[in-house]
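Enquirer: Everything in the sequence shown is counted per my numbering, starting at 7 for the first residue and increasing by one.
Think of the CB as a built atom: it goes at the ideal place given N, C-alpha and C, for glycine as much as any other residue.
The structure is given below, and queries will be raised subsequently.
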Amino acid sequence: ELGFTLDRSGSMQAIWADAVRGFNALLAEQPRTPGVDARFSSSLFNGIVEQVHARTPLADVRPLDAAAYTPGGNTALLDGIGKMMQVIGKTWDEAALPVRPRVLIAILTDGAENASIHFTLEKVFKEVHWRRLACNWQFLYFCANQGGVSYGLKLGIQRTNICTFDADPAGITALMGRVAKAMAAYALGDRNYQRFLLTD
Numbered sequence: 007e008l009g010f011t012l013d014r015s016g017s018m019q020a021i022w023a024d025a026v027r028g029f030n031a032l033l034a035e036q037p038r039t040p041g042v043d044a045r046f047s048s049s050l051f052n053g054i055v056e057q058v059h060a061r062t063p064l065a066d067v068r069p070l071d072a073a074a075y076t077p078g079g080n081t082a083l084l085d086g087i088g089k090m091m092q093v094i095g096k097t098w099d100e101a102a103l104p105v106r107p108r109v110l111i112a113i114l115t116d117g118a119e120n121a122s123i124h125f126t127l128e129k130v131f132k133e134v135h136w137r138r139l140a141c142n143w144q145f146l147y148f149c150a151n152q153g154g155v156s157y158g159l160k161l162g163i164q165r166t167n168i169c170t171f172d173a174d175p176a177g178i179t180a181l182m183g184r185v186a187k188a189m190a191a192y193a194l195g196d197r198n199y200q201r202f203l204l205t206d
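The structure is reproduced here in structure tokens:
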């Protein structure tokens, strides 16, 4: 199970087209392995959260159209993270299977939380912490400054899985290229997938 929640608040306007191109390149790079039921979920958040893909078979996921999703508004970061965990977790929690899927959720924002109404920082921290320890979920957090790093830690994400990026076209393009490789490596069972985040 792969998940990606992407900031589309007003501050993303200058890099939005490059972010969507990078996201679509990331989709194209994910392995489609015959016989493996790989699922992909994605959402966009500003003042609200819009679910784009919800546990869609990876082979059926269609690219994003940048023109269909105009950036604007505030940053409901906590709602974006919380709802993504709900979308992926609900099916497996209800099934109560002895073997659970490997899950990787990526979160990208260039700003700070200022609009969530459904999830608090405490609630997201507890859920991330539980998912990491009890379910072996993995989380990646991408932010545009060092203040975002400290916030990522408050979310319960380990420092090795938090990366900063330059909030300009070149910076977002380079980041998305690294994320694509990291997610593909994770999907193929590479336990050291984080190494792809360190270099272009």
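Any idea which residues DSSP pairs residue 63 with across the strands?
Expert: Counting from one through the sequence shown, the residue named residue 63 turns up at place 57. Residue 63 is bridged to 45.
Enquirer: Can you list, in chain order, the residues of its chain whose CB lies under 6 Å from that of residue 192, leaving out five sequence neighbours each side?
Expert: Along the sequence shown, read from residue 1 onward, the residue named residue 192 stands at position 186. Correct list, in chain order: 110 and 199.
Enquirer: Can you give me the start and stop residues for the beta strand (DSSP E) that residue 39 sits inside?
Expert: Taking the sequence shown and counting its residues from 1, the one referred to as residue 39 is at position 33. It is not in any beta strand (DSSP E) - residue 39 carries neither H nor E in the DSSP assignment.
Enquirer: Considering only their Cβ atoms, is the gap separating residue 169 from residue 114 smaller than 7 Å?
Expert: Within the sequence shown, the letter at position 108 stands for residue 114. Within the sequence shown, the letter at position 163 stands for residue 169. Taking 7 Å as the Cβ cut-off, residue 114 and residue 169 do not qualify as a contacting pair.
Enquirer: Applying the 10 Å Cβ sphere with the 16-neighbour rule, what's the burial state of residue 28?
Expert: Residue numbering aside, residue 28 sits at position 22 when the sequence shown is read from its first letter. Its Cβ being crowded by 16 or more others within 10 Å, residue 28 is buried.
Enquirer: Can you grab the Cα-Cα spacing for the pair residue 21 / residue 176, in whole Å?
Expert: Within the sequence shown, the letter at position 15 stands for residue 21. Within the sequence shown, the letter at position 170 stands for residue 176. Approximately 9 Å between the Cα atoms of the pair.
Enquirer: Kindly indicate the opening and closing residues of the beta strand (DSSP E) around residue 83.
Expert: Here residue 83 is taken as the residue at index 77 of the sequence shown, counted from 1. Here residue 83 belongs to no beta strand (DSSP E); instead the alpha helix (DSSP H) covers 83-101.
Enquirer: Could you tell me whether the Cβ atoms of residue 64 and residue 51 are closer together than 7 Å?
Expert: The residue you call residue 64 lines up with position 58 of the sequence shown. The residue you call residue 51 lines up with position 45 of the sequence shown. No; because the gap between Cβ atoms is not below 7 Å, this pair is not in contact.
Enquirer: Can you grab the Cα-Cα spacing for the pair residue 105 / residue 142, in whole Å?
Expert: Locating residue 105 in the sequence shown gives position 99, where the first residue counts as 1. Locating residue 142 in the sequence shown gives position 136, where the first residue counts as 1. One C-alpha to the other measures close to 11 Å.
Enquirer: Could you pull the DSSP bridge partners for residue 171 from this structure?
Expert: For the purposes of this step, residue 171 is identified with residue 165 of the sequence shown, where counting begins at 1. Residue 171 is not bridged to any residue.
Enquirer: Rounded to whole angstroms, what's the CA-CA distance from residue 112 to residue 149? Just pull it up for me.
Expert: By 1-based counting over the sequence shown, the position of residue 112 is 106. By 1-based counting over the sequence shown, the position of residue 149 is 143. So the alpha carbons of these two residues sit roughly 11 Å apart.
Enquirer: Considering only DSSP beta bridges, list what residue 141 is partnered with.
Expert: Residue mapping note: residue 141 aligns to position 135 of the sequence shown, counting from 1. Partner(s): none; residue 141 has no beta bridge.
Enquirer: For residue 18 and residue 78, what's the separation of their Cα atoms in angstroms?
Expert: Within the sequence shown, the letter at position 12 stands for residue 18. Within the sequence shown, the letter at position 72 stands for residue 78. Cα-Cα distance, rounded: 8 Å.
Enquirer: Within its chain, find whatever has a CB closer than 7 Å to the CB of residue 84; leave out the 5 residues flanking it on each side and keep chain order.
Expert: Walking along the sequence shown from the start, residue 84 turns up at place 78. Within the same chain, residue 84 has close Cβ partners 119, 122, 125, 126, 127 and 130.
Enquirer: In or out: residue 187 buried (at least 16 other Cβ within 10 Å) or exposed?
Expert: Here residue 187 refers to the residue found at position 181 of the sequence shown. Buried, because 16 or more other Cβ atoms sit within 10 Å of the Cβ of residue 187.
Enquirer: One question on the structure: do residue 86 and residue 48 come within less than 7 Å of each other, judged by their Cβ atoms?
Expert: Taking the first residue of the sequence shown as position 1, residue 86 is located at position 80. Taking the first residue of the sequence shown as position 1, residue 48 is located at position 42. Against a cut-off of 7 Å, the Cβ pair of residue 48 and residue 86 comes out as no contact.
Enquirer: Reducing DSSP to helix, strand and coil, say where residue 155 ends up.
Expert: Against the sequence shown, residue 155 aligns to sequence position 149. Helix at residue 155.
Enquirer: Check the DSSP bridge columns for residue 56 and list the partner residues they point to.
Expert: What you label residue 56 is simply residue 50 of the sequence shown in a count that begins at 1. Note: residue 56 sits in a beta bridge opposite 50.
Enquirer: Report, in whole angstroms, the separation of the C-beta atoms of residue 13 and residue 174, which I expect to be a contact under 8 Å.
Expert: Within the sequence shown, numbered from 1, the residue matching residue 13 stands at position 7. Within the sequence shown, numbered from 1, the residue matching residue 174 stands at position 168. The pair is not a contact, with the Cβ atoms about 15 Å apart (cut-off 8 Å).
Enquirer: Does residue 131 come out as helix, strand or coil in the three-state DSSP assignment?
Expert: Locating residue 131 in the sequence shown gives position 125, where the first residue counts as 1. Here residue 131 sits in helix by DSSP.
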